[in-house]
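A short worksheet on the structure shown next.
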Amino acid sequence: MALLEALPDGFALLDADWRFTWVNDASARLAGSTREAMIGEVAWDVLPLRGTPVEAAWRTARAEHRETVVEVELPGDPPQQLEVRAWPDGDGLATSTVDVTARHRAHQQVERSARRSSLLTRSGAELGGAVGVQEASKRLAHLVVPAVADWCVVMEVEGDEQLARGVVSTAGWWHRDSRCLPLVGVLVRPSNPDDDARPVPRLDAAQLHEARALFGPLGQGRPVVIAHGAAALMSPSVADPEARAALAQLDPESVVIIPLRGRYGLVGLLACFTDRGRPAPDPEDIALLTDLARRGGLAIEAARLRDEQQRLGEALQRSLLTAPPQLPGCEVAVRYVPAAHSAHVGGDWYDAFAQDSQQVVLVIGDVVGHDSRAAADMGQVRGILRGLGVSGSPSPAQLLATVDTAMARLRLDTTATALVARLERDPARLRRGGGVLRWCSAGHLPPLVVEPGVSARLLPGRTGLLLGVEQLTGGTPRSDLEAELPPGTTLLLCTDGLVERRGTPLDAGLEQLRRALEDYRALPLPQLCDAVVRRLLPAHPEDDVALLAVRLRPA
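Read in order, the letters of the sequence shown are residues 1 to 555 in the UniProt record's numbering.
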């Protein structure tokens, strides 16, 4: 007994009537009592054990004649973890009580570190694969909730680095309880519902910073932590009454707001809320949120740069892919469909212009690539071809040969397929609505025509080399092909994205296009183009598509 008395762990003996017969000082201390108060008393009378896991374990040890082990938590600040063992001792019971708080905390720390490492590892793949600011923000919100917060809001910041005159836009949010998502939606909705210029609300940053004492550090790149009473402290900065009511219903107890920074400055804010009943974020939580915010800031900045690049590319392409011109004696319709996987810009283009009152030039082409570089190269090739095409009256073959030479001399480092067709009509043909089609192909698909009373067909003929390879070949001879087109003929030019499919021969794709043109020949020209695109293109096309359709009619 002297040895047990000296140990720091608690030991006690109970008789068959559950009375303590011996208790060491450590056991009494861990039980929050004294030896004198415990010895000779029934365990359930002097300790609050009834209905607890300890009572169940002790009774099991007696009834089944085996050792039992149970862990319990004693309330406190911090709480204490105890491991209570019991084993039969004659008709009674022997027990030991060991303080395992340190071991329990170490185990929790290991688990927490593992969860943190797993979350950070997952964040790289999640954020790195985001397309656009909205998606990056939503993915960041899903990483934070519920791992580190009960709900969060990701805001994009544009403008002033110090947040004094910047604009804050809610870009994404999430709540662990789906029933509360509508409340968060009310909190972050646009202050002006009629403003649909962007799909996210835009709020003056001054509203967010009315409480400068609370939010001032954000402009200096430091997080803001409100450990208690977050709803009451934030309410004055919410101007909209309905949004303020939503905040009151959400009733967050704490919030951590962390700047989202990219390589070039502040790009957003991450606001992480915890509800009542969940501990406020501790320093380790804030460190984890800061790490996630750093990764999220880089992802949002990269997405913003990609968005800007896409907007510039789209603006460039829109400036080049103009509306079809009104040409004498013919109706023109055009369509452009971007590839689903690209930045919605590429190298496909179409063009139509008059060389003179009797000749109309039609162009379809495809510069290699599916990005802003391809769009820029396409702009140069299209500009060269258009400029040369309206200065004089070169034939299609002459025009393509001259473009080849210009690309070589200007060191335009790209290649492209192109088909140039010229519709030639003297006054008599103009009156009737027919004409002669003269064309030349630089590695491009042949034209398709459907004439009144005749099945749709591909116009046969030679296909020359691509544009941009003259420096490799030393120049290639190009020659024109021609065909007489009667009044009412529909001519269709397209890029290969309309007919090429992996694992399918090109001839099969061209035959599908021919049948579609045959089936839809009676439709008005714009509807014909739409029907062809719907029939041949999958929901998410892998390549850009440009389509140019012309229908001959009397002038």
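Glycine included, each C-beta is placed from N, C-alpha and C at the ideal position.
Report the residue ranges of all alpha helix (DSSP H) runs contained in full by the segment 275-341; include only those spanning at least 4 residues, in chain order.
283-320
For the alpha helix (DSSP H) containing GLU242, name the first residue and the last one.
241-250
Check for me: the beta strand (DSSP E) holding CYS152 runs from which residue to which?
151-158
For PRO325, count the other beta carbons within 10 Å of its own beta carbon; 16 or more makes it buried, fewer makes it exposed. Which is it?
exposed
At least 3 beta-carbon pairs within less than 8 Å: the segment 100-109 vs the segment 124-134:
no
Just mark PRO53 as buried or exposed, buried being the case when its beta carbon has 16 or more other beta carbons within 10 Å.
exposed
Which runs of the beta strand (DSSP E) spanning at least 3 residues fall entirely within the segment 65-151, listed in chain order?
68-74, 80-89 and 92-99
First through last residue of the alpha helix (DSSP H) which encompasses PRO427
427-432
Those residues which DSSP pairs with THR504 across a bridge:
ARG501
Cβ pair count under 8 Å reaching 3, the segment 241-258 against the segment 177-190:
yes
Which of the three DSSP states is assigned to TRP174 in this structure?
strand
Around the Cβ of ASP204, are there at least 16 other Cβ atoms within 10 angstroms (buried) or fewer (exposed)?
The pLDDT assigned to ASP204 is 46, lower than 50, so where the model puts this residue is not dependable, and the model offers no usable value.
Enumerate in chain order the residues of its own chain whose CB-to-CB distance from VAL499 is below 8 Å, with the five nearest sequence positions on each side excluded.
LEU445, LEU506, GLY509, LEU510, GLN512, LEU513 and LEU536
Spatial neighbours of VAL334 within its chain, please: C-beta separation below 6 Å, excluding the five flanking residues on both sides.
PRO324, TYR350 and LEU548
Sequence-distant residues of the same chain with beta carbon closer than 8 Å to THR489, five excluded per side
GLY434, VAL449, VAL450, GLU451, PRO452, ARG551 and LEU552
In terms of residue numbering, what span does the beta strand (DSSP E) encompassing TRP349 cover?
348-356
Considering only the beta carbon of each residue, do PRO328 and LEU430 sit closer than 8 Å?
yes
Would you call GLY221 buried or exposed, if buried means 16 or more other Cβ atoms sit within 10 Å of its Cβ?
exposed
May I have the straight-line CA-CA distance separating GLY379 from GLU484, to the nearest angstrom?
32 Å
Distance, Cα to Cα, VAL148 vs ASP91?
50 Å
What are the start and end residues of the alpha helix (DSSP H) that includes ILE364?
Not the alpha helix (DSSP H): ILE364 falls in the beta strand (DSSP E), residues 359-367.
Decide yes or no for the touch test of the segment 260-275 against the segment 93-102: beta carbon pairs closer than 8 Å, at least 3 of them.
no
Taking only three categories from DSSP, how would you classify GLY387?
helix
Let's test the definition: count the other Cβ atoms within 10 Å of the Cβ of GLN527 and tell me whether it reaches 16, buried, or not, exposed.
exposed
Straight-line gap, MET155 to PRO259 (C-alpha atoms, nearest Å):
10 Å
For ASP544, is the classification buried or exposed, using 16 other Cβ atoms within 10 angstroms of its Cβ as the cut-off for buried?
buried
List, from N- to C-terminal side, the beta strand (DSSP E) runs of 3 residues or more that fit wholly inside the segment 372-422.
none
Have a look at LEU481 and ALA303 and give me their C-alpha separation to the nearest angstrom.
48 Å
Can you give me the Cβ contacts of LEU458 inside the same chain, cut-off strictly under 7 Å, excluding the 5 residues immediately before and after it?
PRO446, LEU448, LEU510 and ARG514
I need the straight-line Cα distance from ASP150 to ALA280, nearest angstrom please.
11 Å
Around the Cβ of GLN249, are there at least 16 other Cβ atoms within 10 angstroms (buried) or fewer (exposed)?
exposed
Note down, in chain order, each residue of its chain lying with its Cβ closer than 8 Å to the Cβ of THR415, except the 5 sequence neighbours on either side.
VAL367, VAL368, LEU466, LEU467, GLY468 and VAL469
Which two residues bound the contiguous alpha helix (DSSP H) that contains ALA232?
230-234
Cβ neighbours of ARG19 in the same chain (closer than 7 Å, five flanking residues each side left out)
GLY40, GLU41 and VAL42
Grab the span of the beta strand (DSSP E) containing PRO259 for me, first residue to last.
254-262
Using three-state DSSP, classify VAL188 as helix, strand or coil.
helix
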